[in-house]
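Below is one structure, written out as structure tokens, with a few remarks after it.
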Amino acid sequence: MDRNQALSLVRSKVKSKNLVKHMLAVEAIMKRVAQHFKEDAQMWGLTGLLHDLDYDQTVNDFDRHSLLTCEWLKDYNLDDRILYAIKAHPRKVEPKSKMDWTLFAADPLSGLIVAAALMHPTKKLKNVSVEFVLNRFKEKRFAAGAKREDIKACEKIGLSLEEFIKLALEGMQSIDEELGL
2 MDRNQALSLV RSKVKSKNLV KHMLAVEAIM KRVAQHFKED AQMWGLTGLL HDLDYDQTVN
62 DFDRHSLLTC EWLKDYNLDD RILYAIKAHP RKVEPKSKMD WTLFAADPLS GLIVAAALMH
122 PTKKLKNVSV EFVLNRFKEK RFAAGAKRED IKACEKIGLS LEEFIKLALE GMQSIDEELG
182 L
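Per the working numbering, residue 2 is the first one in the sequence shown, and the count goes up by one each step.
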């Protein structure tokens, strides 16, 4: 499966435009972190793009979240590491690899960054700084759904919180127009 096929699948399965944007944001973060570690950016990007493919169908049945996605993807001959990371992001299996932990931490961080951009005076992602996001991170009630402990899992891949936010911002800023920010 290449990115175009993955994006077509996302657009056919996911009805919410905001969820598609979230998946694109996580894809961008995954690719940027992969580049940082000299890993396979295409594989990591596909993992981020596909990670919430079943969310619309499993939002009221969280026990099935990620498992339905993997069921849908089994005929696409994807690398098993992609499927494992997708199952690891909601902790259906324990994250093990750098890719697993990156997806686990990037998922909530993307939401925190979007929320920070929307409250920035310019409402533009390109104007959001690492310091601005870090300050929002420290505000427990700000974007409360973005679990801070999950974001801090970036330390399991050898990145400080500040480094991880920097890479995530760079990734998301590279597609700011696609994200509408």
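Every residue, glycine too, gets a C-beta built ideally from N, C-alpha and C.
Taking the alpha-carbon of residue i as reference, which of the options has the nearest alpha-carbon?
i       : options                              : result
Ile-30  : Glu-178, Val-15, Asp-177 and Leu-170 : Leu-170
Gly-181 : Lys-32, Ala-26, Gln-6 and Leu-104    : Ala-26
Glu-163 : Phe-133, Glu-179 and Cys-71          : Phe-133
Val-146 : Lys-167, Ser-161 and Leu-110         : First, the amino acid is wrong: residue 146 is Gly here, not Val. Answer by Cα proximity: Leu-110.
Ile-166 : Leu-20, Lys-124, Ala-117 and Thr-123 : Ala-117
Gly-172 : Lys-39, Val-21 and Arg-33            : Arg-33
Tyr-77  : Tyr-85, Val-60, Met-24 and Gln-6     : Gln-6
Asp-64  : Glu-156, Lys-93, Leu-10 and Lys-39   : Lys-93
Around the C-beta of residue i, are 16 or more other C-beta atoms found within 10 angstroms, so that it is buried, or is it exposed?
i       : result
Asp-108 : buried
Gln-174 : buried
Gly-159 : exposed
Does the separation of the CB atoms of residue i and residue j fall below 8 Å?
i       : j       : result
Asp-62  : Leu-126 : no
Val-131 : His-121 : no
Leu-47  : Arg-4   : yes
Leu-104 : Ala-144 : no
Asp-151 : Ala-106 : yes
Leu-79  : Val-15  : no
Ile-87  : Met-44  : no
Rounded to the nearest angstrom, how far is the Cβ of residue i from that of residue j, given a contact under 8 Å?
i       : j       : result
Leu-51  : Leu-74  : 7 Å
Asp-57  : Ser-13  : 11 Å between Cβ atoms; not a contact.
Trp-102 : Ala-154 : 6 Å
Ser-67  : Pro-96  : Actually they are not in contact, since the Cβ atoms of Ser-67 and Pro-96 sit about 12 Å apart, beyond 8 Å.
| query | Residue ranges of each alpha helix (DSSP H) run of no fewer than 4 residues wholly in the segment 56-105, ordered along the chain? | reply | 56-59, 68-74 and 81-89
| Continuous alpha helix (DSSP H) assignments of at least 4 residues falling wholly in the segment 94-166 | 99-120, 131-139 and 149-152
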